[in-house]
Structure formats: C-alpha cells, structure tokens
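Everything below concerns the one structure shown next.
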Amino acid sequence: MALQALSPDYEKHIEYRDAEKNFHGNRVVYVHWEEHLSYCAPLAFPLPPDMPFGAFVEAIIKGHYNAHPDFEKIDWDRVEWMIDGLKTKPDLGKSLADNGVGHKSLVRFWTPGLSGYKNSAS
Amino acid sequence: MAVKKLGLKQRYAHMTRGLDWETTYQPMDKVFPYDKFEGIKIKDWSAWEDPFRLTMDAYWKFQAEKERKLYAVLDAFAQSNGQTKISDGRYVNALKLFLTGVSPLEYQAHRGFAWAGRHLRGVGPRVASQMQSLDELRHFQTQAHTISQYNKYFDGIAEFRHMHDRVWYLSVPKSFFDDARSAGPFEYMIAVGFSFEYVLTNLLFVPFMSGAAYNGDMSTVTFGFSAQSDESRHMTLGIEVIKFLLEQHPDNLPIVQKWVDKWFWRGHKVLGLVGMMMDYMLPKKVMSWREAWDIYFVEAGGSLFQDLARYGLRPPKYSDVATAEADHVSHQIWATFYQYCHAAAFHTWIPDREHMDWLSEKYPTTFDKYYRPRWEMWAEMEKQGKRFYNMALPQLCQTCQVPMLYTEPGNPETICFRHSKFKGDTYHFCSDGCKDVFDGEPEKYVQAWLPVHQIYQGACGGPTVPDVLAYYRMNVGADNMDYVGSPDEKLWMSWQAGAVKAAE
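So the sequence lines, in the order shown, correspond to chains A and B.
Residues in the first sequence are numbered from 105 upward in steps of one, following my numbering.
Residues in the second sequence are numbered from 6 upward in steps of one, following my numbering.
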C-alpha cells in the first residue's frame with residue numbers, strides 16, 4: 105500500500121530502529137521452549153553471529169530454562185528444533201549464522217515426552 | 006429599554022459560530038495543513054451537530070463546582086486517614102498501575118485533542134475538541150492529586166511520570182497514544198474519540214472505579230463520579246465524529262473502517278492490563294474480566310455496531326478473536342508480571358485457594374485446565390525456596406509491544422507467532438490483528454521503540470538489570486518484587502495491628 109504521509113520525502117527520514125547495526129555486533133535471537141508456558145513468552149538475547157550453536161544451547165538455553173521442574177528430564181539428543189518456521193537439526197559445532205540464525209530469528213524447540221507441569225503446557 | 010435575553014441555542018451559536026474567517030494572506034490549506042492528507046472528504050463542516058451546546062463560560066463554572074466538591078472529599082479522605090480503611094494493602098497496586106499506565110494517557114489525550122482541535126477546520130469539532138482537551142488535562146491533574154495521598158505511604162507511585170516513558174510494560178499504553186498522536190487528526194479522532202472513548206472506555210473506567218468502590222477507596226470513587234459527566238460528553242463526541250465522517254462522503258467508509266479495525270485491536274491489547282487488574286489485583290472482586298467484556302463489548306458494542314450498520318460499517322475485524330481471548334488474557338498477563346516482578350513497579354502475589362476457586366467458577370473452561378497448574382507449580386517452587394523469576398527479557402510484539410505471551414486462537418498451549426518481512430528485516434507479532442496493523446503502515450512501526458531492543462542497544466542506562474532499574478528510577482526492594490515481604494505489606498500489617506489494639 106502506498107505510504108500516506110504529510111511530507112513527500114517521509115521515507116528518507118525513517119529510522120529503522122532495530123537494524124542489526126544498532127546492536128554492537130550482536131544479533132537479536134529469540135528462543136522458545138514449546139509446551140512450557142510458565143515461561144510466559146519467548147526469550148530475547150543479543151548474541152554474536154559466530155557463537156557456536158552448542159554454546160548457545162549450553163550457556164543461553166540451559167542457563168535460562170533450568171528453573172523448570174522438567175528441565176532435568178530433557179534428553180537433549182531428542183530435542184526437536186525449528187528455526188524461522190523450518191524444522192531442522194542444527195550442527196552444534198557450527199555458528200548460529202551457519203545454522204541459519206539471522207538477526208531477529210526465532211528458535212523454537214520441543215522436548216518430546218515433556219509437556220509442562222502435569223502436562224498442562226505450563 | 007428591556008434587554009432581550011438570548012435562548013440557549015442562540016447564545017451557543019453566537020459564542021461558537023461565525024468567529025473565524027476565510028484567510029487571504031495565506032491559503033486555507035496552509036493554515037490547516039493536516040486535514041486532507043488522510044483522504045477524508047468533508048463537503049460541509051457546518052453539518053456538524055454538537056448536542057451539548059456547552060460554551061466555555063458555562064464549562065468553566067460547571068467544572069469549578071465539580072472540582073470544589075472533589076477536593077473537599079479528598080481533604081476529608083486525608084484527614085480521616087482513608088488509606089487505612091481500604092480492603093487490603095494489595096489493593097493499592099491497582100492504583101499504581103492506573104497512575105503509571107492510565108493517568109499519563111489522560112495527559113496525552115489532552116495534547117492530542119488540543120492538536121486535533123487546532124487542525125480540524127470545522128468549528129463544531131474544534132469547539133468539542135477544545136473542551137475535551139481541557140477535560141483530559143483536568144483528569145490527569147485530579148487523578149494525580151487523588152492518588153498522591155497514597156504516595157505518602159505506599160511505594161511505586163512517586164516516579165509515575167518518569168516511569169511511563171521508560172518502563173517496559175508501560176510502553177504498551179504509551180505506544181498506543183504515541184501511535185494515535187502521530188497519525189492525522191481524523192485518525193486521532195476515530196482512534197481516541199470513537200474506538201477508545203466510545204467502544205472501550207467502559208472497560209477501563211468501570212473496572213477501576215467500581216474496583217475502588219468495592220475496596221473502600223472513596224477518593225478514587227469520587228474522582229470517577231466527578232469525571233462521569235465529562236466521559237458522557239466524550240462518548241457523544243466519539244459517536245458524532247464517526248457519523249459525521251460517514252455521512253459526509255461514501256469514500257470515507259473504507260478509511261474509517263480500517264481505523265476502526267486497527268484501533269479496536271490496539272485498544273484490546275492495552276485493556277489486557279485492566280483484565281489482569283480485575284481478576285487478580287482487587288482483594289474484593291467486582292466481576293470477572295470475562296463478564297465485563299461480555300457486558301461492555303459483546304452486548305453494548307454489538308448494539309452500537311448494529312446501529313452503525315446503516316452506514317455500511319461492520320464490527321471491528323477480529324472482535325471474535327478478542328472475545329475468545331477474554332477467557333485467557335488476565336491469567337496470562339498476571340503470570341507474566343509474577344515472573345518479572347523484579348522489574349515491575351507494583352507488587353505481585355500468587356492467588357490463594359479462595360481466589361483460585363473464584364477464578365475456576367468464573368473461567369470454567371480455562372482456569373483449572375491451563376492456569377491453576379501454573380500457580381500450583383509456582384506455589385510449590387516458592388515453598389521449596391525456589392521462587393520463580395524469569396531472568397531473561399521477553400520477545401515483544403512489534404505493534405502492541407506486549408511480550409509475545411498470547412496463545413494461538415483455539416490453542417492455549419501454543420504461543421501465537423506471526424511475522425512480516427519489510428525491506429529485508431523480520432518483524433514479529435503476537436496476533437493477526439497486530440500483523441495487519443503493521444502491514445498497513447510498516448514505515449511507521451519499524452520505528453517502534455521496543456524496550457527490550459532498546460536495552461540491548463544500550464539506550465537504557467546500561468547492560469545489567471540494576472542499571473536498567475536505575476534508569477527506570479525504580480526503588481529496588483520497595484517498588485518491585487512480591488507483596489509478601491514488601492514494605493507496603495509491613496506498613497499495612499502495622500495499621501491492622503493498630504486497629505486491633507485500638508478496638509481492644
């Protein structure tokens with residue numbers, strides 16, 4: 105749809121506020137543990153694109169979801185991953201970028217057999 | 006010679022009409038540069054009917070009288086230590102939410118109507134906007150004065166104005182008004198005058214004001230009564246503006262419909278905070294959010310849109326989705342504040358058994374299945390000394406700025422994810438409604454100030470939680486965290502103990 109604005113050169117003045125260059129070398133990455141909604145929403149992190157996916161799992165994901173009673177029961181080899189809507193098997197040794205994680209990418213994961221406190225998705 | 010007295014209608018006409026002129030030094034389009042670019046076509050500004058016929062001198066007299074009465078009640082409340090007679094210390098948290106989240110919107114509305122009044126070239130809407138602008142300024146002032154009594158005793162109130170512009174969850178109501186005020190004057194009138202003041206206002210004021218009444222807060226109730234006559238005038242302006250636009254030209258209909266859809270959805274997202282307040286924060290409950298939604302939106306809104314159907318206007322898009330969400334939002338949002346209470350300027354708590362039973366009764370299809378287990382799990386964790394705090398920042402919706410906590414329509418076990426691409430970047434949304442708003446004007450919403458991203462860009466005082474809380478001017482350990490163990494609770498308990506002692 106055509107832009108409707110008072111000034112004819114409005115587009116020149118747009119501030120793309122969350123452009124990747126504003127994050128000091130990091131990319132914003134969102135991560136969400138499915139069927140565990142006691143974490144009310146996906147989490148957001150500023151991460152270097154060359155961070156190995158394995159380090160992302162160890163430091164970021166495990167570091168922030170470990171409060172949940174299901175956490176101890178996760179079989180990490182069976183975790184199912186989805187990056188930006190595509191089911192995928194990330195290479196833990198490769199970087200986030202090489203695994204297709206871009207700026208403002210969404211990483212969702214499922215833990216088969218675990219669906220929250222008393223299977224309530226909480 | 007006897008002076009002939011003017012009738013009310015004549016007097017109103019003399020005081021408000023025919024006072025301006027066709028400009029000659031500058032073309033009229035330069036004097037009123039904002040009222041054409043939105044595409045709204047007005048053939049005859051004089052067709053604007055003003056049912057109130059209020060002149061400024063009458064307005065002044067009437068409002069002064071009301072405020073004299075209000076301030077007399079506030080004085081009496083202070084002198085009798087009314088703050089000690091509320092239902093429970095927890096109640097004050099509803100006032101904190103109101104003062105930080107809603108009162109600054111009154112000020113925004115004051116600015117918005119002053120601006121719309123200046124830039125609409127018809128005298129009818131200009132006069133009405135001027136009155137409403139003054140109302141909103143008075144409401145901001147009187148709310149601040151009413152709640153200031155509580156500020157002498159309770160935490161989380163003092164920095165409300167500073168917080169409104171900075172604190173993460175307050176960007177939800179703030180961005181609503183920033184969005185409206187950076188639109189053209191007609192969109193502003195539909196956004197605030199119609200969608201907010203007419204369609205949704207009862208869902209904001211009735212819960213807070215009846216909440217005050219049920220919980221012994223006589224000062225806030227009195228403010229509510231005092232504002233009531235203004236609110237009915239605002240509603241009349243809202244309905245007048247939409248009828249006027251739709252009657253002026255058939256080309257206005259699609260534009261107005263798009264605004265009605267957008268602002269209903271934006272308003273619905275802001276009102277989630279009110280739902281949480283009703284269902285979780287009031288020690289003495291008025292009604293559930295579900296019940297309020299059914300009365301004030303489904304029934305009242307339904308007949309309103311039936312009435313407007315003759316203009317070709319249909320009910321807002323996704324109102325069915327919003328109605329279904331009323332069974333979930335209050336639980337989802339209070340759960341969010343529970344886990345982020347270290348970064349909130351009011352206190353949270355886990356609902357006790359009696360409260361949960363009330364929620365089961367009010368939400369028979371959802372509470373026991375989806376939300377009771379969440380509270381029971383957290384209560385268990387608390388007992389084990391592992392009170393749950395979410396220590397990472399949440400992903401936010403690009404449009405409404407609420408954390409991405411809403412679930413898929415029809416599936417409360419899965420987060421609703423939507424996204425759009427614009428100029429190579431991805432933008433995330435909590436709902437189809439928010440995605441549509443973005444897709445309608447991506448150039449506007451790519452500029453949104455999302456608190457989480459701003460923190461990561463280094464714009465909010467520093468990288469650590471204490472840095473950000475200092476930037477919010479949050480008094481850590483007093484303003485935030487659980488009610489249990491807070492200075493507020495301690496104070497309330499000491500008042501209760503004093504009352505017991507005095508009774509002995």
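Beta carbons are placed, not taken as given, at the ideal position from N, Cα and C, and that holds for glycine.
Residue range of the unbroken beta strand (DSSP E) whose run includes residue i
i: E3 of chain B; result: Nothing about residue 3 of chain B can be read from this structure; chain B reaches only from 6 to 509.
i: E184 of chain A; result: E184 to I187
i: P150 of chain A; result: L147 to L151
i: F213 of chain A; result: S209 to W214
i: L190 of chain A; result: L190 to T192
Beta-carbon contacts of residue i that lie in its chain and below 8 Å, excluding the five residues immediately before and after
i: S226 of chain A; result: H140, L141, S142 and G220
i: S365 of chain B; result: F372, D373 and R377
i: K46 of chain B; result: Q253, H254, D256 and N257
i: L142 of chain B; result: E111, Y112 and H115
i: Y155 of chain B; result: Q88, V97, L100 and I162
i: S425 of chain B; result: T431, Y432, F434, K440, F443, D444 and P447
i: K198 of chain A; result: P156 and F157
i: K193 of chain A; result: W185
i: V473 of chain B; result: A348, I460, C465, G466 and G467
For residue j and residue i, believed in contact at Cβ under 8 Å, the rounded distance
i: F269 of chain B; j: P321 of chain B; result: 3 Å
i: R186 of chain B; j: R116 of chain B; result: 7 Å
i: G445 of chain B; j: K179 of chain B; result: Going by Cβ atoms, the distance from G445 of chain B to K179 of chain B rounds to 21 Å, so no, they are not a contact pair.
i: E252 of chain B; j: E43 of chain B; result: Contact doesn't hold; Cβ gap of about 17 Å is too wide.
i: S335 of chain B; j: D284 of chain B; result: 4 Å
i: L190 of chain A; j: P153 of chain A; result: About 18 Å separates the two Cβ atoms, so there is no contact after all.
i: F160 of chain A; j: Y169 of chain A; result: That belief does not hold up - the Cβ atoms of F160 of chain A and Y169 of chain A are roughly 12 Å apart, past 8 Å.
i: Y394 of chain B; j: H347 of chain B; result: 6 Å
i: A119 of chain B; j: S92 of chain B; result: Not a contact, Cβ separation roughly 38 Å.
i: W53 of chain B; j: G127 of chain B; result: 5 Å
i: D55 of chain B; j: G129 of chain B; result: 5 Å
i: L125 of chain B; j: D40 of chain B; result: 6 Å
Where the alpha helix (DSSP H) containing residue i begins and where it ends
i: S180 of chain B; result: S176 to R186
i: H136 of chain A; result: H136 of chain A -> not in any alpha helix (DSSP H); beta strand (DSSP E) instead, spanning R131 to W137.
i: K14 of chain B; result: L13 to T21
i: S499 of chain B; result: P492 to A508
i: Q68 of chain B; result: M61 to Q84
i: S234 of chain B; result: M223 to Q253
i: F103 of chain B; result: V97 to G106
i: Y193 of chain B; result: P190 to Y193
i: T341 of chain B; result: V334 to Q344
i: E330 of chain B; result: S324 to E330
i: M281 of chain B; result: N257 to M281
i: D140 of chain B; result: V128 to N156
Beta-bridge partners of residue i, as assigned by DSSP
i: S425 of chain B; result: B:Y432
i: D38 of chain B; result: It is worth fixing the name first, because residue 38 of chain B is Pro in this sequence and not Asp. The partner list for P38 of chain B (beta bridge, DSSP) is empty, contrary to what the question assumes.
i: D487 of chain B; result: B:T353
i: E413 of chain B; result: B:N416
i: P156 of chain A; result: A:S199
i: P399 of chain B; result: A:L147
i: P408 of chain B; result: B:L401
Cutoff 6 Å; reference residue i; Cβ partners in own chain excluding five residues on either side
i: Q337 of chain B; result: L410
i: Y343 of chain B; result: T353
i: Y301 of chain B; result: N207 and L208
i: I244 of chain B; result: Y203
i: Q233 of chain B; result: none
i: F310 of chain B; result: P320
Neighbourhood of residue i by C-beta, 7 Å cutoff - its chain only, sequence neighbours within 5 removed
i: A350 of chain B; result: K101, T105, G161, M168, V172, M479, D484 and N485
i: M105 of chain A; result: With a pLDDT of 49 at M105 of chain A, under the threshold of 50, the modelled position of that residue is not reliable, and the figure given next carries that caveat. The answer is none, since no qualifying residue turns up.
i: A475 of chain B; result: G466
i: V275 of chain B; result: V177, P178 and F181
i: R182 of chain A; result: P216
i: K506 of chain B; result: none
i: L75 of chain B; result: T147, T227, F228 and S231
Exercise. Got a sec: which bits of the region 394-410 of chain B sit with their beta carbon under 7 Å from any beta carbon on chain A, in order along the chain?
Worked result: Taking 7 Å as the Cβ-Cβ cut-off against chain A, the residues of the region 394-410 of chain B that qualify are N395, M396, A397, L398, P399, Q400, P408, M409 and L410.
Exercise. For the region 107-125 of chain A, which residues have a CB atom closer than 9 Å to at least one CB atom of chain B, in sequence order?
Worked result: L107, Q108, A109, L110, Y114, E115, I118, E119, Y120, R121, D122, A123 and E124
Problem set entry | Contact residues within the region 430-446 of chain B, judged by C-beta distance below 9 Å to chain A | D430, T431, Y432, H433, C435, D444, G445 and E446
Exercise. The region 463-479 of chain B: which residues have C-beta closer than 8 Å to a C-beta of chain A, in chain order?
Worked result: G463
Exercise. Closer than 9 Å, Cβ to any Cβ of chain B: which residues of the region 128-150 of chain A, in chain order?
Worked result: H128, N130, V132, Y134, V135, H136, E138, E139, L141, S142, Y143, C144, A145, P146, L147, A148, F149 and P150
Problem set entry | Within 8 Å of chain A by C-beta, residues of the region 354-368 of chain B in sequence order | none
Problem set entry | Positions along the region 126-158 of chain B whose CB lies within less than 9 Å of some CB in chain A | none
Problem set entry | chain A contacts from the region 154-186 of chain B (Cβ-Cβ distance under 9 Å) | none
Exercise. If you measure beta-carbon to beta-carbon, which residues of the region 157-183 of chain A are closer than 8 Å to chain B?
Worked result: H168, A171 and P173
Exercise. When you check each C-beta in the region 194-209 of chain A against every C-beta of chain D, which residues fall closer than 8 Å?
Worked result: Any reference to chain D falls outside this structure, whose protein chains are A and B.
Exercise. Just by C-beta distance, which residues in the region 32-55 of chain B are closer than 9 Å to chain A?
Worked result: P38, Y39, F42, E43 and G44
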